[in-house]
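S.K.:
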Amino acid sequence: MFQILTILLLDTQLSMVSALFTVEVPQQLYIAEYGNNVTMECRFPVNGSVNLELLTVVWEQKRPDWLKSKEVYTLRNGKAVPPSQHPDYIGRASLLHSELKLGRAILQIISVKITDAGSYLCLINYRGVDYKYITLEVKASYKRINTQVMRKPGEDMFVFMCQSEGFPLAEVFWQNEKNFNLSGPANTTYTLTADGLYNVTSILTFKPNMSENYSCVFWNKELNGETSAHISTSALMSTQYSGQKSLMSFIIPTCVTVAVLLSALIIFQKRKSFKNGQSRKGRKRKLNPNPKDENRDDTNTQTEALYLSTVTASRDSEIWFCENSSS
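The opening position of the sequence shown corresponds to residue 1 in the UniProt record's numbering, with each subsequent residue numbered one higher.
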């Protein structure tokens with residue numbers, strides 16, 4: 001790239017026009033949000049109408065730790081040169097051709113990545129040669145924080161976890177609702193994603209006060225911004241007792257339903273037995289039209305016994321089922 005620049009500058013000096021041609025930038029620093037689009041601009045003098053066949057525009061990205069720059073977009077003699085474009089920018093970087101006639105070389109990058117940050121060279125060759133550098137910074141706020149609460153098996157301790165992705169690397173602080181710092185025992189780790197984001201996970205293990213709420217705070221020092229997530233006491237309680245509540249909510253209705261069905265079945269069987277007994281006695285009455293009083297007493301005694309046995313059986317069945325279900 002610098003060899004090309006040297007040749008172009010030499011040609012310009014020979015043509016005695018370089019002193020009249022200057023590239024300007026309305027903005028030297030651009031800050032883009034990760035995933036959004038960004039446009040960067042440099043301007044050049046046109047002196048009336050523009051002959052695109054004489055125009056060359058080169059946009060390159062460069063970083064101090066790179067040995068070679070990345071070619072973002074090249075327009076030579078009014079035509080794009082796709083083969084020279086770096087793979088990282090294929091389909092994402094373009095030049096707004098409609099603005100060239102106004103002397104504006106506007107580079108647009110869509111779906112900005114962390115790796116897009118750096119210094120950009122804008123070189124213009126149009127009846128003269130000049131260039132300027134523009135800086136692009138990319139930020140990724142820790143917008144979404146995933147939280148989780150778990151109870152440590154066999155211990156009266158709970159594990160609070162907060163996880164999020166962003167850039168640059170953030171610090172994580174833990175605190176209660178009184179803003180008391182709990183970060184001491186916290187374990188915070190991070191990994192880098194394929195897109196250059198920091199995947200930060202912070203775990204706090206302790207015995208919480210059930211009457212308090214807690215929060216984790218992701219502090220991005222370079223962006224001077226913070227994002228927090230709250231872990232409520234109700235969530236903690238539901239984690240501890242949801243299993244028992246779910247079991248009881250199933251056992252109690254089932255217990256009642258089965259007890260009712262058993263009672264109905266017992267009553268049905270008793271009534272059926274009672275009717276069969278009455279039928280047999282009715283046939284005996286036809287054979288003996290003058291039944292004795294002790295027969296009537298015997299009938300009353302059987303009726304009372306039927307009632308008592310039905311109630312007792314229903315109660316015993318319900319107690320037995322509920323006790324066995326709870327255990």
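Note that the Cβ used here is the ideal one computed from N, Cα and C, for glycine as well.
#1: Helix, strand or coil for His230 per DSSP?
#2: Alpha carbon to alpha carbon, how far is Ser84 from Ser141?
#3: Can you grab the Cα-Cα spacing for the pair Thr147 / Ser164, in whole Å?
#4: List the residues that DSSP assigns as beta-bridge partners of Gly225.
#5: With Val25 and Ile134 assumed to form a contact (beta carbons below 8 Å), what rounded beta-carbon distance in angstroms separates them?
#6: For Ile106 versus Glu99, is the C-beta spacing smaller than 8 Å?
#7: Can you list, in chain order, the residues of its chain with a C-beta nearer than 7 Å to that of Gly225? Leave out the 5 residues immediately preceding and following it.
#8: Report the rounded CA-to-CA distance for Thr189 versus Lys62, giving the unit in angstroms.
#9: Which residue comes first and which comes last in the beta strand (DSSP E) that contains Thr147?
#10: How do the region 187 to 202 and the region 159 to 175 stand: do at least 3 beta-carbon pairs fall below 8 Å, yes or no?
#11: Report yes if the C-beta distance between Leu54 and Arg104 is below 8 Å; otherwise report no.
#12: Under a Cβ-count criterion, where at least 16 other Cβ atoms within 10 Å of its own Cβ denotes burial, should Arg144 be classed as buried or exposed?
#13: What is the DSSP secondary structure of Ile267, reduced to helix, strand or coil?
#14: According to DSSP, which residues form a beta bridge with Trp174?
#15: Suppose the cutoff is 6 Å on Cβ atoms and the five residues either side in sequence are ignored; what does the same chain contact list for Asn220 look like?
#16: Quick check on the burial criterion: 16 or more other C-beta atoms within 10 angstroms. Buried or exposed for Phe173?
#17: For Leu20, collect the residues of the same chain with a Cβ closer than 7 Å to its Cβ; drop the 5 residues on either side in sequence, then sort them by chain order.
#18: Identify which residue in Arg76, Leu96, Lys70, Tyr214 has its Cα closest to the Cα of Ala117.
#19: Please name the residue, chosen from Glu33, Gly196, Lys101, Ala186, that lies closest to Gly48 on a Cα-to-Cα basis.
#20: Starting from Arg76 and walking both ways along the beta strand (DSSP E), at which residues does that stretch end?
#21: Cα separation between Glu41 and Phe218?
#22: Quick one: Cα of Tyr214 to Cα of Ala186, how far?
#23: Around the C-beta of Trp59, are 16 or more other C-beta atoms found within 10 angstroms, so that it is buried, or is it exposed?
#24: In whole angstroms, give me the CA-to-CA distance for Leu121 and Thr74.
#25: In angstroms with no decimal places, state the Cα-to-Cα distance between Trp66 and Leu182.
M.R.: Walking through what the data contain:
#1: strand
#2: A direct Cα-Cα distance of roughly 33 Å separates Ser84 from Ser141.
#3: One alpha carbon belongs to Thr147, the other to Ser164, and they sit about 9 Å apart.
#4: Asn220
#5: Sure, about 6 Å apart at Cβ, within 8 Å.
#6: yes
#7: These residues qualify, in order along the chain: Ser141.
#8: Cα-Cα distance, rounded: 30 Å.
#9: It spans 146 to 151 - the beta strand (DSSP E) in which Thr147 sits, taken as one unbroken run.
#10: yes
#11: no
#12: exposed
#13: Residue state, collapsed to three classes: helix.
#14: Cys216
#15: Excluding sequence neighbours, Asn220 sits near Ala170.
#16: buried
#17: Gly128
#18: Nearest of Arg76, Leu96, Lys70, Tyr214 to Ala117, Cα basis: Lys70.
#19: Lys101
#20: 70 to 76
#21: 34 Å
#22: In this structure, the CA atom of Tyr214 is about 13 Å from the CA atom of Ala186.
#23: buried
#24: C-alpha separation (whole angstroms): 11 Å.
#25: 41 Å
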